[in-house]
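*Asks:* One structure, pasted below without further comment.
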Amino acid sequence: MSSAIILDPALRWSGALRRKIGANAPFEQWLAQAAVQSITRKTVQAWFEELRGAGPDAALPVADVRRILRQLRERVFFTLMVRDINGAAPLHEVVGAMSALADLAVAQAYESVAASLAETHGVPIDPHSGRPQELLILGMGKLGGRELNVSSDIDLIMLYGEEGETTGRRRISHHEFYGRVTQRMMPVLSEMDADGQVFRTDLRLRPDGDSGPLAWSLEALENYLVSQGREWERYAWLKSRVIPCKAFAGSDPAGQLEQLESLRTPFVYRKYFDFDALAALRGLRERIRQDWQRRALARTGVDTVHNIKLGDGGIREIEFIVQLSQLIRGGRMPSLQQRSLLSALHKQKSAGVIAPEVADNLEAAYCFLRRVEHMLQYREDEQTHLLPRDEAQCLGLAQAMGMTLPDFEARLSAHRAFVEQSFRNAFRIAGMGGDDEQNGDAPEQRADTPCGNLIEHIRQHIGAQAPAICQRVDALMDSHRIRSLPESSRKRVETLLPAIISTAAKTEHPDQTAIRLLTLVESIAQRSAYLALLAEYPDTLARVARIVSASPWASQFLSRFPLLLDSLIEWHSLLEPPDFAQIAQQLHNELDACTLPDGQPDVEQQMNLMRDLQHQITFQLLAQDLEGVLTVEHLADRLSALADMLLAETIYRVWPLVQGKNRRADLAPPQFAIIAYGKLGGKEIGYASDLDLVFLYDDPSDDDASEIYAKLGRRMSSWLSTMTSSGRLYEIDLRLRPDGDAGLLAVSVDAFAQYQTQHAWAWEHQAITRARFVTGDAQIGKRFEQIRQQVLLLPRDPQAFKTEVRTMRAKIGAGHPNRTPDFDLKHDRGGMVDVEFITQYLVLCHSRQYPVLLDNLGNIALLRLAAEAGLIPADLAPRVADAYREFRKRQHALRLQGAEKARVPSDQLLKERAAVRELWNVVIGD
């Protein structure tokens, strides 16, 4: 066969080949002869030896390697082009030859550069075996799977076994040696010169990316994977493969290769797959796709339809279908642990993971799309995945594929449609709870506003407020959060909309509920797992609707912490009273398990875990509250018990951190206690209450006690109030300590006693009536209670103290002015503050005579005891107690409705306010 017949189809399609032959006429004859034989790994090696020529077996000079590798790359590229366009080279030959070329190029570049550096610095030695230590070069992605396209980048990670020093007179560390090798290899492979380039090389898949060292030790890699390895890195490491390289005689990397595999396998293939992992991988895929789309649109205006790699139904989607199944099932099915995509697909087919017809169609689509990819790259020898828009080029592409244009377009469309549909189904198989995209209109057919059927659906279910809801739906779908979603997630949102409207219609306030559900969906839209949860579990959606309908505050809470949605599946468990003893033990065990590779506590993980638990228990109580199974008093008791538990665990976790590197395993607990004031002191906290705390210590054996316990107080405050990715535990207020903000953060018990009995203001004595020991050293707790009672029993002039109470009440009123006609439940006269001041006055002035008032029993109980002691009218005490109870109930209800101020119309609660004013006048008077 003449060279013209062999080369003509490729010459018609490829401008790169025409330019090559035009510049080097003898190459035409060589290429025609070479293209009649298949290209194998042996062929690539033989061509390299031919270009190298006879000579010593020693490593070639770097300059010679640069030149020879570029010449070799031209031979491989153009020969594959001719064979492929002639239909003589199947896909495995093309990708296998390119991968063999990459392996050889990397090995030769390493050998020449390492040998050159060794002449100056000596050879790195494995400290255990005494043998020379090689660099382990990992091929990632398609290179790892031996699937390179004809104009591919290659992704590399550089690793080495042990730290140490080279053997030469100008010794350097192994870290520095391998870093220099890596740095000097890159131009050999990637730099463009008169002979072209070999492969664009990317090192960004290494740990920490561009910010990390060029070469990593195996020990550093292990620490990274265990403590920081992310889901997308599992995906990246699935194909990783060590490229055979050797620069030093006598080296034996077998042990290092075994160590590397022992790290890689459990990192990639886990026995148990968690739900969030799939969502994270899907999120990665969508970010890659969106990033490409943004760049493509900015650069050329080309959309994803024309990208056969990243676009809908493209190569990347086939990779995800196969590799997601590997990641999910590979830990328990070792046969699926294949680096090659087609090998993995064949194994999944034989194992029944993918139906035979699906696997066959995916393989056909993959081979077709990869061949199209190669044709696009042959044309100008450039890395592209974009189909041409020019009609002549489209015809040329079809002819290069050996097809007519209509046949090519039909086959391309069919393959991509099948891949796109299979990609949707892959997420259901992987455990996402349902399709990412429903079988509806194609993406390009979706209107920017909801379809007519949905509008009619809203009108039927919502009624008078339908226009407002339609407007809100439009705003939702047009919002940045939704528009920036991948099409699959936008489709899921669309399919969820009718269910939201139907569910909202069954609540007491359909319009408000619909709006709150739409707001919730918008806030969680980036988390497809939660959209799947609402779409696949109608009962869960109904429960969410009931909760958000009852309370905008609850709706906001769910939006801030969507992980709480999972708990709605187990509704009966959610309505059970929390067992705080069991919860505390489980939390303690979980926090013990939060460790770094060196065994030290993972503080960030511990803090997040505590915050997540706090949100979960709070939500459990919220659900019970909204279901009407908890009174306000019982709710406050349980929220206070939750805070007490978390404060106790915080001391336990923070105390070792205060000791720094000197901490011991048998560290004695701190002689430290937490005292709660205010709402927590009275066990009356709400969902979002601050914690008023005072820190006490009593450690006479330590000369540095003041400094140590102040540090403990600071660390505790930080642990509790720092905002992490899971939010914060509590806002902390420490201003009630002696001398307020000017005082010490942690106060000795003796100093506290002296301050309270000799220097404290009257309002501070009022505050201590509601204070209690929460957690910490029990002896300090007993001592505090003795001090508290001592303060309460101090002699006081009732008339003088009345004046001080009235003065303080006036200050509080001035500090919380109410310029509206409404009644402020807490701060206005006749409200909650008046009840609290009355009770505090009774306790402080009459405890000496009536010790029954000493205990911190709460305002309602203390009013009853005061009436029984004859201190206040017997008929008035229960009326005020009922008023206080009603105020708290109204305040709580208003908070749940999102009210910033707890105020009611002035014509409400008149009897309750009158009762409080009457008792005020009886006890304190104006």
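For the sequence shown, full-length UniProt numbering gives the first residue as 1, with consecutive numbering after it. Glycine included, every Cβ here is placed at the ideal spot set by N, Cα and C.
What is the DSSP secondary structure of M192, reduced to helix, strand or coil?
*Replies:* Three-state DSSP puts M192 in coil, outside helix and strand.
*Asks:* Grab me the residues of V215's own chain with a C-beta within less than 8 Å of its C-beta, minus the 5 sequence neighbours each way, in chain order.
*Replies:* One detail in the question is off: residue 215 reads as Ala in this sequence, not Val. Cβ within range, chain order: L135, M158, L159, Y160, H175, Y178, G179, V181, T182.
*Asks:* Have a look at A249 and P132 and give me their C-alpha separation to the nearest angstrom.
*Replies:* A249 and P132: Cα-Cα distance of roughly 7 Å.
*Asks:* Anyone know if the C-beta pair for L454 and L497 falls short of 7 Å?
*Replies:* It is a contact, given that the beta carbons lie within the stated cut-off.
*Asks:* Buried or exposed: which applies to V791, given that a residue is buried once 16 or more other Cβ atoms fall within 10 Å of its Cβ?
*Replies:* Looking at its Cβ environment, which holds 16 or more other Cβ atoms inside 10 Å, V791 is buried.
*Asks:* Count the other CB atoms, across all protein chains shown, that sit within 10 Å of the CB of V694; report buried if there are 16 or more and exposed otherwise.
*Replies:* Buried.
*Asks:* Between V123, H121, S3, which has its C-alpha nearest residue 938's C-alpha?
*Replies:* Only positions 1 to 926 of the chain appear in this structure, which leaves residue 938 out of reach.
*Asks:* In the structure shown, what three-state DSSP assignment does N307 receive?
*Replies:* Three-state result, N307: strand.
*Asks:* Might you give, ordered along the chain, the residues of its own chain that have their beta carbon closer than 6 Å to the beta carbon of L91, omitting 5 neighbours on each side?
*Replies:* These residues qualify, in order along the chain: C367, R370.
*Asks:* Are the Cβ atoms of V843 and T769 separated by less than 7 Å?
*Replies:* Yes, Cβ-Cβ distance for V843 and T769 is below 7 Å.
*Asks:* Is the region 471-481 in contact with the region 521-528, if contact means three or more CB pairs nearer than 8 Å?
*Replies:* Yes, the region 471-481 touches the region 521-528.
*Asks:* Let me confirm a value: T803 is counted as buried when at least 16 other C-beta atoms fall within 10 Å, else exposed. Which label applies?
*Replies:* Flag for T803 reads exposed.
*Asks:* Assuming contact is defined by CB atoms lying nearer than 7 Å, are L310 and R316 in contact in what I supplied?
*Replies:* Against a cut-off of 7 Å, the Cβ pair of R316 and L310 comes out as a contact.
*Asks:* What is the DSSP secondary structure of I583, counted as helix, strand or coil?
*Replies:* Of the three classes helix, strand and coil, the one that applies to I583 here is helix, per DSSP.
*Asks:* Once the 5 residues before and after V904 are set aside, which same chain residues still bring their CB inside 7 Å of it?
*Replies:* Taken in chain order, the residues that qualify are D822, F823, L825, R890.
*Asks:* Out of R714, L691, Q671, point me to the one whose CA is closest to S701's CA.
*Replies:* The shortest Cα separation from S701 among R714, L691, Q671 belongs to Q671.
*Asks:* For A442, does the count of other Cβ atoms within 10 angstroms reach 16, so buried, or fall short, so exposed?
*Replies:* For A442, the pLDDT reaches just 31, beneath the cut-off of 50, and the residue's location in the model is therefore unreliable, although a value from the coordinates is still provided. Counting Cβ neighbours within 10 Å, A442 comes out exposed, since fewer than 16 surround it.
*Asks:* With a CB to CB cut of under 6 Å and the five nearest residues on each side skipped, what residues in its chain are close to L909?
*Replies:* Nothing meets the Cβ criterion.
*Asks:* CB G144 to CB S38, shorter than 7 Å?
*Replies:* Not closer than 7 Å, so no.
*Asks:* Beta-carbon within less than 6 Å of I243's beta-carbon, same chain only, minus the 5 sequence neighbours each way: which residues are those?
*Replies:* Correct list, in chain order: D103, V106, I137, G139.
*Asks:* Quickly, what does DSSP pair D824 with across the bridge? List them, please.
*Replies:* BP columns for D824 point to R903.
*Asks:* DSSP beta-bridge partners for D155?
*Replies:* Answer by DSSP bridge pairing, in chain order: M140, D202.
*Asks:* Could you check the C-alpha separation between V493 and Y530 for me, to the nearest Å?
*Replies:* If you take the alpha carbons of V493 and Y530, they lie about 11 Å apart.
*Asks:* Please confirm whether F78 and L31 have their CB atoms less than 7 Å apart.
*Replies:* Contact: yes.
*Asks:* Could you tell me which uninterrupted alpha helix (DSSP H) segments, each at least 4 residues in length, are contained entirely in the region 655-699, listed from first to last along the chain?
*Replies:* Listed in chain order, the complete alpha helix (DSSP H) runs (minimum 4 residues) inside the region 655-699 are 678-681.
*Asks:* Over the uninterrupted beta strand (DSSP E) stretch that includes A746, give me the two end residues.
*Replies:* Element bounds for A746: 746-748.
*Asks:* Around the Cβ of V923, are there at least 16 other Cβ atoms within 10 angstroms (buried) or fewer (exposed)?
*Replies:* With 16 or more other Cβ atoms within 10 Å, it is buried.
*Asks:* Expressed to the nearest angstrom, what Euclidean distance is found between the alpha-carbon atoms of L696 and Q582?
*Replies:* Cα to Cα, L696 sits roughly 28 Å from Q582.
*Asks:* Pull the bridge partners of A215 from the DSSP assignment, please.
*Replies:* A215 pairs with M158.
*Asks:* Please report the straight-line C-alpha distance between L218 and A475, rounded to a whole angstrom.
*Replies:* Answer to the nearest angstrom: the Cα atoms are 51 Å apart.
*Asks:* My output table needs one value for I354: the three-state DSSP class, helix, strand or coil.
*Replies:* Correct three-state label for I354: coil.
*Asks:* Provide the residue span of the beta strand (DSSP E) that contains F773, from first to last.
*Replies:* Residues 772-776.
*Asks:* DSSP three-state call for L386: helix, strand or coil?
*Replies:* Here L386 sits in strand by DSSP.
*Asks:* Along the chain, where does the beta strand (DSSP E) containing R848 start, and where does it finish?
*Replies:* Unbroken run through R848: none, as it is neither H nor E.
*Asks:* Count the CB pairs spanning the region 345-364 and the region 410-427 that are closer than 8 Å, and state whether there are at least three.
*Replies:* With a cut-off of 8 Å, the region 410-427 and the region 345-364 count as touching, because enough Cβ pairs lie within range.
*Asks:* Taking the DSSP output, what are the residues bridged to S173?
*Replies:* The partner list for S173 (beta bridge, DSSP) reads E165.
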